[in-house]
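Encoded as C-alpha cells, the structure appears first; notes follow it.
Protein chains: 4
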Amino acid sequence: MEQGRTDLALEENERIQTESAKLKGVRAEEEYLDQDDIRITTVYIDTENAAKKMGKPKGVYVTLESSAMSMPEEGESRCVSEQLAKVLKQLLPKGGEELSVLVAGLGNRMVTPDALGPQAVEQLCITRHMLKEFGPYAYENEKTPQVSSIVPGVMGQTGMESLEIIKGVAEQIHPDVLIVIDALAARSTRRLGRTIQVTDTGINPGSGVGNHRNKITEETMGMPVIAIGIPTVVEAVTIVNDSMSGFLSALEASESMKKLSDSWRHLKETEQKQLIRELLSPQLNNMFVTPKDIDASIKQMSFTIAEGLNIAFYN
Amino acid sequence: MEQGRTDLALEENERIQTESAKLKGVRAEEEYLDQDDIRITTVYIDTENAAKKMGKPKGVYVTLESSAMSMPEEGESRCVSEQLAKVLKQLLPKGGEELSVLVAGLGNRMVTPDALGPQAVEQLCITRHMLKEFGPYAYENEKTPQVSSIVPGVMGQTGMESLEIIKGVAEQIHPDVLIVIDALAARSTRRLGRTIQVTDTGINPGSGVGNHRNKITEETMGMPVIAIGIPTVVEAVTIVNDSMSGFLSALEASESMKKLSDSWRHLKETEQKQLIRELLSPQLNNMFVTPKDIDASIKQMSFTIAEGLNIAFYN
Amino acid sequence: MEQGRTDLALEENERIQTESAKLKGVRAEEEYLDQDDIRITTVYIDTENAAKKMGKPKGVYVTLESSAMSMPEEGESRCVSEQLAKVLKQLLPKGGEELSVLVAGLGNRMVTPDALGPQAVEQLCITRHMLKEFGPYAYENEKTPQVSSIVPGVMGQTGMESLEIIKGVAEQIHPDVLIVIDALAARSTRRLGRTIQVTDTGINPGSGVGNHRNKITEETMGMPVIAIGIPTVVEAVTIVNDSMSGFLSALEASESMKKLSDSWRHLKETEQKQLIRELLSPQLNNMFVTPKDIDASIKQMSFTIAEGLNIAFYN
Amino acid sequence: MEQGRTDLALEENERIQTESAKLKGVRAEEEYLDQDDIRITTVYIDTENAAKKMGKPKGVYVTLESSAMSMPEEGESRCVSEQLAKVLKQLLPKGGEELSVLVAGLGNRMVTPDALGPQAVEQLCITRHMLKEFGPYAYENEKTPQVSSIVPGVMGQTGMESLEIIKGVAEQIHPDVLIVIDALAARSTRRLGRTIQVTDTGINPGSGVGNHRNKITEETMGMPVIAIGIPTVVEAVTIVNDSMSGFLSALEASESMKKLSDSWRHLKETEQKQLIRELLSPQLNNMFVTPKDIDASIKQMSFTIAEGLNIAFYN
C-alpha cells in the first residue's frame, strides 16, 4: 500500500534506524531522560550516498518525544523546552560575533492546527530593533543575539509563497541563520502533539499542514536553515489508508476470516490498489484530521517552542 | 454497519422522505429556486406517533442547500440569507408585541471549524440595551425586536454546560424565543459547508462539533428554541466507516472479487462489526475531519447566518 | 476643580491614609517587600459610619504596587503573582468543604486596554466540569476547588448588562464566591499598569474602562464578591483636567505670571468651573488615553492575575 | 502654540486651501455629493517650489469626508467605498497590461485603533497565486490584476521596520504599484473615523498610530506608492494642547476674564511655551486618545477600505 505523506522524521526514523544499521554514512543516537520521560533521537545522514539511499537530504534530524508534551503539568513544559534549547544551541552557528537570527512562523493563524508557527513567534523575545537603536549595550548581556521574526501567512491570504516573503525579508536584513517553525502532518494520530522535530535541512515541499510548495533550505535561502516542527494533524487519506491496512491485517489474523483474506490475497496487487484508490473519496484530499482540543495543545506547544528558543538565545 | 453520528437533518431526511411516503403524521415539501440554485426541503413531524417512528422529536425541519454556499460569488450569499430569513420568519413567534430574542452562538471560538456560532453572533445587530435605555423610539422602525446575544464558550473554558449559561441568562431577561447557532458534524464530506439546517426542535445531546451534553429545547428552556446549524466537520470515525462501506460495496461489484465479497458475507454480522470496531483506533474518537480552507468557509457561512438573522429581525 | 473619575483605590487611599489618621473605624497597613520592590497597602473600613465618611463601602482594600509590573523581567512576575495569591487566600471564604468559585472576566476583548479580564480568564485552570464528572478524585489534590469562569462581554455585543449575565449564571451553579477581574480607569497616567487592586466590596457603577452601570456586589449577587482590577486607561477628560490644574498651579508659582494668576483667582469659582467645562470638548466624554504598547502590558498583566489566581486555588 | 503632530491632509488642507489661493503650483478642487453626504477634496501640489512652500511633497492629496463613515446605515458604506474606488482608479497606473498590486496593511493588529491596515487587508480578494498557477484565464475577467498583500506587523513584534519587510517582499515579486493602508493620528477628535485620505506620495516618518520611522515612498520603494489612511486616534499631547488653546481663547472672549487674558498676553511667547511644556506630563508622549467603541469603527472602516479596493481592482 502506498505510504501516506509524512513530515515527521521520527516515523521515517523508524525505518531509518532499522536501515541505518546496514547503511554506511548514517549514524543514529538515542538518549532517554528518565526523570522527565523525554526521549531524544538523533540521526545523522553524513554522505550524499546515504542521503540518496535514505531519500532525505544530508543533515541532522533530532526528535524530542514526550508523552505529556501537549498537556504537561506545570514544570514539565520547562524540561522539554530546556532540552529543545540544548538541541538548538548545537545546531546554531557558532562564532565570537553577535548572532543575527530570523525566525519565521509558517502556517495560517486562522486555522487552529496550522497556527503553531504564528503563535510560537508571538511569544519570542525580539531584540533586533533595540540592538539597532541602542547598540550592543541595549541589554545587560553583551552577547544578546539580534532576533527578528516574520509570520508570512499563507498563499490564500497573501498571494505569495512563504519562501518569497521570507527570502525578501532575509535579503534586507541578512541574518546569519533562519529558523522556521511549522505545524506538521503525521502519519499516525498517536504522534499528534507528542514529538518535536528539529533539523538543519530546512523545510521541503509538501511539508506542513498548509502545503508549502517551495523548499526553504540553505540552498534556496543562502544561509543555514533550522526547521522546528510538531505534528498537529493527520491527513484524512492517511487515516483511511491506515484503517484499511488494519482491516486487511485483521483478515489475515482471524481464523474465521481466513477464506476472505485468502481471496483478497489472490487478487493481483494492482487490483488491490485500484480497489482502495476507488473508495477513497476525492473530497478527502484537502481534508485533515485533528483532535477536538487542538486549541489547548497548540497553545501549550507554541509556548514550549518559544520558551526553547528564548532559552537558547538568551541563557 | 452502525451508522456514524450525524446532526444533519438532510441526511436523515433522505431516509425520512423515503419512509414518510408510508408514514402518517409526516409531511415533506421541497422547493427548488432555479435562479439561485437553492433547494429548500421542509419536513414536518406532526404526531407523537410519527416522532417515535422517525426517532426524532415532533417539529419542523428545514434544510437550505446550495452548492456555492461556503464560497459564493458576491451577491449569491445574499440570496441564501434572504431565503434563510424567510424560513426564520415562519418559525419565529408571532404577535402584536415587540419580540424579544436571545441568540446563542455555541461552540469554541478558538477552534476554527467550531467557531461558526461565535462568529455569526459577532455580526448580529444587537438592540436590547438601546430599547431598554431609549424605549420603543430608539429606532425608526417601532417594531424593532429586542435582540440580545450570548457566546457561552465550551466546558473546557468555562467549567459549565452551555445549557447552564444560556438558561441562567434567559431566566434574567425572559426572551420570547431562543435561537441557537452551532457548527454540526455531518455524515459525509460532501455536505460540508453546503447546507443550512433550521429546526424548531432545538439542540439535542451529541449534536455539534463540540459535543454538548445537555438538550437545549423548549422543554429544558421553557421557551421556543430555534436551532440553526451548518455542518463543518465529519467525525474521523465516520470517514473510516464510510470508506469501509465503500470497500465492501466495491467487493460486491467487482467480478474478480466476487469470492472475497462472498466470504465476507458469510461472516456473521457480529463478526463483521467486531472486525470493524477493532480496526478503528480509539484515538479517532475525539478527532474530526475538516477542510484545509475551513477559515474562509467559516467566515463566509457565519456572515450568511448573521445576514439572514438581521434580515429576519429588521426588514 | 471637580475630581476625575477614578476606580483606583490607591488614589483614594492617599486621601484615605491622610484622613484615616483622624478617623475611627478605618485602619491602614503598609508592607514593603524590599527584595521584590512590591508595596502592599491594606485599608480596612470597619464601620458603617467610617464608610459614610470615606464615601466607600465597608470592606478591605488591598493594593499591590510594583514599578516593573507590566514589563517585568522573567521571574519578577512570579513574585507579584505570589503576593497576589497570598492576598486572595485571605479574602477567599474558608471552610472544610470544597470551595466553588466563579471567575468573571469583565470588559471587551476586542478593545485592547479593556481586554484584561477576558485575557486573564482564558489563562485560568478550570476544574468544575471535571469535578462534576469524575468526583473529588478527579485531581490528586482532593481539596481542589470547583473553578468555573464566564466572559460576559459588553452591552454593545450582548444587549445585556454584565450583571444580568453573571447573575444568571451564578443562579444556575451556586458558587460560594464570585471573583471579578476588570480593567480600571486611573486618575493619572503614572498609575497605568503599576498597581493591582483587590477588594471584597465588588464592582461599583462607573467602574472599569467599559462603564458597567450596575453594581456587582455581595448585595446584588447574594454571595461574597472579590474584585481584582488593574488601571489600563485614563479618561481623556482626566488628562485635560490634570493639565489645567497644572497650568493654574504653575501660574501661582511663577513670579512673572503672578498677575495672571491673580486675575484668575479673582474670578468667582463658578466662573472658573464654567470656563473649564466649556473648553472640554464634548467628544472627549467617550474617549480614553492609553499607552501605545498596551498590547504587551495587557498580555503581561493578564498573565500575572491568572497566575495569582491559579496559585491561590491550587497550591 | 506649537502645532500637534497630524497625519491628516484635510487638516493641512484647510491651511492649504487658504494659502493655495495665493500660491502658484497648487490647485484645489472640492466636490460635494449631496445625496450621499460625501465631500471629496483634491489638492494637487504641482511644482517643487510649491511643495517647498507647502512643506509637503509634490503629489495628489484626496480626502473623502462623511459624517456617517464609521457607523453607517447599511448601504451608506457602499457609497463611500464606490467613491474611494473611483479615486483609487485615477491614481492606479494605467496600461494595457495586467496590473500587479501589492497591498500592505501597516499597524499592530493587537492594538485596536492601530489594526485598521491589518483588518482591511484580511478582507481583500487576493489573486496573484491563482493567476500564477492558472494563467490569465483563472478568472472570467481577463484583466483581473495580480493582487498580493502583506501585513508587516510592528517593530516590537518583528524587530524590523515595516519598510524593510515591504521592500524585501516587493523586490521578490516586482509589483507595478504598492498600496499602503494605515491608521492615522488626527489633530482633533472631531476627525476620528470621519475621513479617508488617499495620496500618491506614500507614507512619511512619524505618520500613523504606530510611528513608522522610515519613509515608504516612490523614492524609497522604486515604484509608485499610494497611501490610504483613516484617523483613529489623537495623540494625548494634542488633546491637552487643544484644550489649552481653547482655554486661552476663552480668556480673550470673556469680558470678566479680560484682565487674566491680558496678563497672559503680556508674557513673552517663550514664557508661554515653557509654561505649557512644563505642564505636559512626559508620560503623555507615548499615549493616545481613542473612542471607547473603537472596535466597532475599526471593523466598519476596514470593511469600507477593503470594499473600495475590491471594487477598484475587479469592477
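Protein chains in written order, with my numbering: chain A, 96 to 410; chain B, 96 to 410; chain C, 96 to 410; chain D, 96 to 410. Glycine included, every Cβ here is placed at the ideal spot set by N, Cα and C.
For a test of the three-state rule: what should DSSP assign to residue i, helix, strand or coil?
| i | result |
| --- | --- |
| B/Gln218 | coil |
| B/Pro231 | helix |
| A/Gly99 | Confidence in A/Gly99 is poor, its pLDDT being 39 and thus under 50, which makes the residue's placement too unreliable to answer from. |
| C/Thr333 | helix |
| D/Gly382 | Per the sequence presented here, residue 382 of chain D reads as Met, with Gly not at that position. Three-state result, D/Met382: strand. |
| C/Leu187 | coil |
| A/Val182 | helix |
| B/Val155 | strand |
| A/Val242 | strand |
Return the first residue and the last residue of the alpha helix (DSSP H) that residue i is part of.
| i | result |
| --- | --- |
| A/Gln267 | Ser257 to Ile268 |
| D/Ala434 | In the structure displayed, chain D extends from 96 to 410; residue 434 of chain D sits before or after that span and is not available. |
| D/Thr142 | Looking at the DSSP string, D/Thr142 is not in any alpha helix (DSSP H), and its letter there is neither H nor E. |
| C/Thr315 | Glu313 to Met316 |
| C/Thr399 | Ile389 to Tyr409 |
| C/Thr253 | Met250 to Thr253 |
Thinking C-beta only, is residue j closer than 8 angstroms to residue i?
| i | j | result |
| --- | --- | --- |
| D/Glu124 | D/Thr142 | no |
| C/Ala199 | C/Ile291 | no |
| B/Val328 | B/Thr385 | yes |
| C/Asn405 | C/Cys220 | yes |
| C/Gln178 | C/Leu159 | yes |
| C/Asp69 | C/Gly403 | For chain C, the structure presents residues 96 to 410; residue 69 of chain C sits outside this window and is missing. |
| D/Val272 | D/Phe383 | no |
| C/Pro152 | C/Ala145 | no |
| A/Val275 | A/Leu201 | yes |
| D/Gly254 | A/His269 | no |
| D/Asn381 | C/Lys387 | yes |
| B/Ala331 | A/Ile334 | yes |
| C/Ala43 | C/Ala401 | Summary: the structure shown does not reach residue 43 of chain C, with chain C confined to residues 96 through 410, and so no result is reported for it. |
| C/Val249 | C/Asn203 | yes |
| A/Ser161 | A/Asp129 | no |
| D/Lys238 | D/Glu193 | yes |
| A/Pro247 | A/Ala280 | no |
Contact criterion: CB-CB distance below 8 angstroms. Does residue i meet it with respect to chain G?
| i | result |
| --- | --- |
| A/Thr253 | Absent from the structure is chain G; the protein chains it does hold are A, B, C and D. |
Please report the residue range of the beta strand (DSSP E) in which residue i lies.
| i | result |
| --- | --- |
| C/Leu197 | Ser195 to Gly200 |
| C/Glu330 | Val320 to Glu330 |
| D/Val246 | Element bounds for D/Val246: n/a, residue is neither H nor E. |
| C/Asp277 | Val272 to Ala281 |
Using the DSSP secondary-structure output, state which residues sit across from residue i in a beta bridge.
| i | result |
| --- | --- |
| C/Tyr127 | C/Arg134 |
| C/Thr290 | C/Glu160 |
| A/Arg122 | A/Tyr139 |
Given the structure, does residue i come close to the ligand MG, in the sense that its CB is under 7 angstroms from one of the ligand's heavy atoms?
| i | result |
| --- | --- |
| D/Lys119 | As for the ligand MG, it is missing from this structure, which has no ligand bound. |
Nearest to residue i by CA position, among the options, is which residue?
| i | options | result |
| --- | --- | --- |
| A/Ala407 | A/Pro270, A/Pro240 and A/Val335 | A/Pro240 |
| A/Asp277 | A/His269, A/Gly288 and A/Asn380 | A/Gly288 |
| A/Asp390 | B/Ser162, B/Tyr156, B/Gly251 and B/Val246 | B/Gly251 |
| A/Leu197 | A/Ser172, A/Lys148 and A/Glu266 | A/Glu266 |
| A/Val182 | A/Gln395, A/Asn381, A/Ile323 and A/Lys387 | A/Ile323 |
| A/Met396 | A/Gly317, A/Asp129, A/Tyr139 and A/Pro213 | A/Pro213 |
| A/Pro319 | A/Arg173, A/Gly297 and A/Gly230 | A/Gly297 |
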